[in-house]
Amino acid sequence: MVDKKPVIKLYGMKMSTCTRRVRCVLEEMGLSYEIILVDLGKGEHKQANYLALQPFGQVPLLEDIDGTKIFESRAIIRYLVKRYPTEGAKVQPEDAKNYGQMEQWLNVESEHFNREATTLVWETLWKPKMKHLGEMDEKLVEEKKKKLESILLILDTHLATNEYFAGNQFTMADISYLPYIENLIRAGHRDLLLSKKSFAAWWKKCSERSSWILCKTEQEIEF
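So, in structure tokens, the structure goes:
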């Protein structure tokens, strides 16, 4: 009997925005992995056996082949490129200038874009699908749309002179935006996002990559 070669384990749900962020990086890097389902709908992320691995009860969690466990999606992707530098070069620039650009726009995603997008997706995608979450807060939606508009204009300006966020290389920075952009489009905000010419051109290139097509089409809930 041949021993099964160990692979990276990614605990989460395929539809989860943060799980998709990590999965897309794994796909771009060409690393072997398996997804271990943690069913949020059944509350498996709050059960004792999972909390022993991820004390905040969130997904995803990555378990490396040597048993190393990392949680928080942006920490996971940074870990992966450090742990596997040859493969990591596919999603991380080698030169200091573009590396700095990548980190800069990664932080913009987490500190600015994500804050507005998360609430907007919650209010306009999840609440209409899951009535027990309550009625959509229309005032909050308009407020978040206005804030997101100003952020998108900044992104569009940068992308007018750069193919990707870190110059001419597709990196972790680009990948980090994809899950919430996909959900915003599903929630009916296509015009808000894609009315910006340079941003729309960037999205077209990114969304046509095989790694992202896989991540967006394999999910537990049909939209």
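Those letters in the sequence shown? Residues 259 to 481, per the numbering used here, in order. We put the CB at the ideal spot given by N, CA and C, even for glycine.
According to DSSP, simplified to helix, strand and coil, what is residue i?
i, result
"valine 265", "coil"
"arginine 341", "helix"
"glutamate 466", "coil"
"phenylalanine 329", "strand"
"glutamate 292", "strand"
"glycine 358", "helix"
"glutamate 393", "coil"
"leucine 364", "helix"
"phenylalanine 481", "Here the model assigns phenylalanine 481 a pLDDT of 44, short of 50, so the residue's position is not dependable, and the following value carries that caveat. The answer is coil: DSSP assigns phenylalanine 481 none of H, G, I, E or B."
"glutamate 401", "helix"
"glutamate 352", "coil"
"leucine 311", "coil"
"alanine 458", "helix"
"alanine 347", "coil"
"methionine 287", "helix"
"methionine 259", "With a pLDDT of 47 at methionine 259, under the threshold of 50, the modelled position of that residue is not reliable, and the figure given next carries that caveat. It is coil, neither helix nor strand."
"serine 453", "coil"
"alanine 418", "coil"
Buried or exposed: residue i, going by 16 or more other Cβ atoms within 10 Å of its Cβ?
i, result
"tryptophan 363", "buried"
"phenylalanine 481", "Caution is warranted here: a pLDDT of 44 is assigned to phenylalanine 481, below 50, making its placement in the model unreliable, and no coordinate value can be reported."
"lysine 402", "buried"
"threonine 419", "exposed"
"glycine 358", "exposed"
"glutamine 305", "exposed"
"phenylalanine 314", "exposed"
"glutamate 367", "buried"
"serine 468", "exposed"
"lysine 340", "exposed"
"glutamate 369", "exposed"
"glycine 270", "buried"
Hey, is residue i close to the ligand FAD, as in C-beta under 6 Å from one of its heavy atoms?
i, result
"lysine 263", "Absence of the ligand FAD is noted for the structure shown, with no ligands found whatsoever."
Comparing the C-beta of residue i with each C-beta of chain B, is any distance below 7 Å?
i, result
"methionine 430", "This model lacks chain B altogether, as it is built from one protein chain only."
Cβ atoms of residue j and residue i: under 7 Å apart, would you say?
i, j, result
"tyrosine 342", "isoleucine 328", "no"
"leucine 320", "isoleucine 334", "yes"
"valine 349", "methionine 430", "yes"
"tyrosine 291", "leucine 284", "yes"
"glutamate 345", "glycine 425", "no"
"lysine 389", "aspartate 414", "no"
"leucine 268", "isoleucine 293", "yes"
"phenylalanine 215", "isoleucine 323", "Nothing can be reported for residue 215, as the shown portion of the chain is limited to 259 through 481."
"leucine 411", "serine 456", "no"
"serine 331", "cysteine 276", "yes"
"glutamate 361", "lysine 405", "no"
Based on DSSP bridge pairs, tell me the residues matched to residue i.
i, result
"glutamine 427", "Ala424"
"glycine 446", "DSSP output for glycine 446 lists no bridge partner at all."
"glycine 299", "None; glycine 299 has no bridge partner."
"glycine 270", "Leu295"
"leucine 320", "Leu268, Ile328"
Subject >> Three-pair Cβ contact test at 8 Å for the region 429 to 447 versus the region 460 to 474 >> reply: yes
**OP:** Take every Cβ of the region 440 to 457, pair it with every Cβ of the region 374 to 381, and state whether three or more of those distances are shorter than 8 Å.
**Re:** Yes, since at least three Cβ pairs between the region 440 to 457 and the region 374 to 381 fall closer than 8 Å, the two stretches touch.
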